[in-house]
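Asks: Chains as they are written, first to last, in the numbering used here: chain A, 206 to 350; chain B, 206 to 350.
Mind having a look at this structure? Questions to follow.
2 protein chains.
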Amino acid sequence: MNSGRKTDWNGCPTRYAAGIVGDKWCFLLLRDVLLHGKRTYREFLASPEGISTNILANRLAKLETLGMLTREPDPRKASSICYFPTKKSKDFLPALVSMMVWATQHDEATEAPASFAESYSTDPGGTIAWYEAEIERVDQALRSS
Amino acid sequence: MNSGRKTDWNGCPTRYAAGIVGDKWCFLLLRDVLLHGKRTYREFLASPEGISTNILANRLAKLETLGMLTREPDPRKASSICYFPTKKSKDFLPALVSMMVWATQHDEATEAPASFAESYSTDPGGTIAWYEAEIERVDQALRSS
DNA sequence: CTCTCCACTTGCATTTTGCAAGTAATTTGA
DNA sequence: TCAAATTACTTGCAAAATGCAAGTGGAGAG
């Protein structure tokens with residue numbers, strides 16, 4: 206999937222980020238995991254952007270390889286699968302939220318309320334913490350079922 | 206370049222961001238403009254990732270259409286071209302820096318010094334302001350030549 | 001024991017990419 | 001002054017990635 210020489214993708218942090226986030230589908234899967242509480246193949250498939258099943262499988266594998274997701278049996282039904290965010294992907298939340306704030310300010314068609322950007326600017330840490338708490342809530346609930 | 210229906214890409218801020226940044230080459234061009242002071246076709250072409258010329262032309266046009274860059278004659282030499290960052294792309298800096306911090310912490314092959322993430326964590330605003338000042342310096346110098 | 005659900009895989013047509021070469025408008029150097 | 005170089009692209013084509021539809025194999029339900 207990455208045809209460049211290895212050295213082309215090492216060293217520079219922006220280039221490293223581009224290797225993961227610089228792909229529409231990886232980016233949106235990260236959104237689904239970090240912001241929308243999605244954990245299963247079917248949930249990812251149901252996102253409105255309409256990812257196709259081969260691409261979804263490919264990207265889930267890529268994100269797992271990159272250490273962004275773990276693939277585990279679903280606690281609710283051992284025969285199905287859950288993808289959980291790792292610390293590495295949770296640590297990406299501030300960057301993701303920062304991009305959301307930017308998009309909210311510059312996409313004239315945004316449906317996000319202006320209050321979102323406002324509350325972020327008055328208390329960025331609190332906004333991030335709120336999303337983090339949501340993630341913990343979702344995964345706690347799932348793991349203890 | 207975007208085959209989805211229009212409604213598929215409106216509304217959600219993350220999706221909006223994915224439409225721009227969720228492309229390796231756009232992402233790296235933004236880095237070159239915002240972080241490395243690059244402004245000309247040749248400079249972009251010279252980046253170590255090796256973008257090909259047709260893709261570069263395509264992405265510069267895309268970024269111009271999206272309001273991220275302006276295409277202007279080079280003040281130093283009227284026959285050549287400069288691409289300047291707009292306010293919209295400069296506003297993207299905090300998100301970009303946030304991704305760099307994340308990458309610095311999670312890419313074991315990073316060449317960025319740990320001091321970068323540290324100085325960001327003690328004074329995020331100052332770090333951003335430093336990059337902003339660099340951009341102004343570059344563009345001031347260019348425009349007044 | 002069949003039927004459905006789930007998480008994929010496969011095949012194939014279409015699209016995008018990468019690479020090499022070419023071009024048109026300057027501009028530089030001898 | 002005039003050939004050679006530079007700049008910002010465009011074009012053609014082969015190779016790779018994508019989208020779409022259909023298929024597969026295993027677990028669980030009825």
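From the three backbone atoms N, C-alpha and C, an ideal C-beta is built for every residue, glycine too.
Can you list, in chain order, the residues of the stretch 301-312 of chain B whose Cβ is nearer than 9 Å to any Cβ on chain A?
Replies: Of all residues in the stretch 301-312 of chain B, L301, V302, S303, M304, M305, V306, W307, A308, T309, Q310, H311 and D312 have a Cβ within less than 9 Å of some Cβ in chain A.
Asks: Using the rule of at least 16 other Cβ atoms within 10 Å of the residue's Cβ for burial, across every protein chain shown, is A322/A buried or exposed?
Replies: Result: buried.
Asks: Can you tell which of E316/A, T270/A and D237/A has the C-alpha that lies nearest to the C-alpha of G255/A?
Replies: Ranking the options by Cα distance to G255/A, first place goes to D237/A.
Asks: For L274/A, which three-state DSSP category applies?
Replies: L274/A: strand per DSSP, three-state reduction.
Asks: Which same chain residues, not among the five before or five after S252/B, have their C-beta less than 7 Å away from its C-beta?
Replies: So the qualifying residues of the chain are L233 and D237.
Asks: Measure the alpha-carbon distance for R348/A versus L268/A and round it to whole angstroms.
Replies: If I take the Cα positions, the gap works out to 21 Å.
Asks: What are the complete alpha helix (DSSP H) segments, minimum 4 residues, inside the stretch 207-266 of chain A?
Replies: Segments of the alpha helix (DSSP H) lying fully in the stretch 207-266 of chain A: 218-226, 229-239 and 246-250.
Asks: Helix, strand or coil for S284/B, going by three-state DSSP, please let me know.
Replies: Looking at S284/B - three-state DSSP - the assignment turns out to be strand.
Asks: Start and end of the alpha helix (DSSP H) containing A338/B?
Replies: Looking at the DSSP string, the run of the alpha helix (DSSP H) that includes A338/B is P329 to R348.
Asks: Where does F297/A sit, in a helix, a strand or coil, going by DSSP?
Replies: F297/A falls in the coil class under three-state DSSP.
Asks: When you compare only the Cα positions, how much space is there between S350/A and R276/A?
Replies: C-alpha separation (whole angstroms): 17 Å.
Asks: With three or more beta-carbon pairs closer than 8 Å as the criterion, would you say the stretch 291-306 of chain B touches the stretch 307-314 of chain A?
Replies: Counting Cβ pairs under 8 Å, three or more are found: they touch.
Asks: So, A317/A versus P218/B, is the Cβ gap smaller than 8 Å?
Replies: Cβ distance < 8 Å, so A317/A and P218/B count as in contact.
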